[in-house]
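Notes to accompany the following structure.
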Amino acid sequence: MKSMKKEVLFSKEVISGRIRSLADEISRDYAGGELIVIGVLKGAFIFMADLIRSLQIPCMVDFAQLASYGSGSVSSGNVAIKKDIGLPIAGKDVLIVEDIVDTGLTLSFLVKTLKERSPRSLKVCVFLDKKMRRKVPFTADYTGFTIDDGFVVGYGLDFNEQARFLPDVYVIKE
Ligand code: 5GP
């Protein structure tokens, strides 16, 4: 990782400003209510931790982990639940929090799976969106930043389990 060339894409200051606006928007939309926030492990854990601490409404938290079977960092579409949530979500307002949407395959699968459990509402908040790379149609309800193609790391996002701890988001330069 140390030898890998990378460039800051979003600094921690820019990230925290954007998260405050996102949290305000979400708090307005769910005013008077209570949310179950479901973070997708591992990449979303830092984004989720910052986001929920900026919300002005109460929330409960849970986590899901998905396994995507295929080669490397490219989503194959064969997605399965590796770790399920523990909270019942029937009749609840649920917000999925994910690090990045790329092909859309992972989130389409998770949304379909959780909808079968009859939540009152189900929305998705993504930190980053690579809109141009969709294989299936998918639109997040809340988006931190839309980015071009390119591999990003930091702020929870990894490269072979490295770089998650970095406070800024970087794009890898070949
Ligand atoms: P999708 O099913 O939308 O193609 O896959 C989304 C998942 O692919 C993300 O949760 C993430 O794990 C991974 N991913 C896609 N693009 C990137 C990227 O640029 N950087 C990192 N670290 N992970 C990515």
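Sequential numbering from 23 applies to the sequence shown in my numbering. Idealized CB from N, CA, C, for every residue including glycine.
query, result
"Near ligand 1: PHE69 beta-carbon under 7 angstroms from a heavy atom", "no"
"Neighbour-count burial assignment, TYR91, 16 or more Cβ in a 10 Å radius", "exposed"
"Validate contact between the segment 67–81 and the segment 33–52 using beta carbons, cut 8 angstroms, 3 pairs", "yes"
"Own chain partners of ASP106 with C-beta closer than 7 angstroms, once the 5 adjacent residues on each side are dropped", "ALA86"
"C-beta atoms of TYR192 and GLY176 nearer than 8 angstroms", "yes"
"Residues near LYS153 in its chain [Cβ-Cβ closer than 7 angstroms; skip 5 each side]", "THR168"
"Continuous beta strand (DSSP E) stretch holding PHE167: start and end", "164–168"
"Spatially closest choice to MET84 from SER140, LEU109, ALA102, by CA coordinates", "The question names Met, but residue 84 is Asp in the sequence shown. The residue with the shortest Cα to Cα distance from ASP84 is LEU109."
"Three-way DSSP call (helix, strand, coil) for PHE160 in this model", "coil"
"For ILE58, three-class secondary structure by DSSP", "strand"
"7 angstroms Cβ shell around GLU138 - same chain, five flanking residues per side excluded", "none"
"Simplified DSSP state of ILE37, which is helix, strand or coil", "helix"
"Cβ neighbour criterion (16 or more within 10 Å) applied to ASP171", "exposed"
"Buried/exposed call for MET70, threshold 16 Cβ in 10 Å", "buried"
"Which of helix, strand or coil DSSP assigns to SER140", "coil"
"Cα-Cα separation, PRO159 to LEU129", "10 angstroms"
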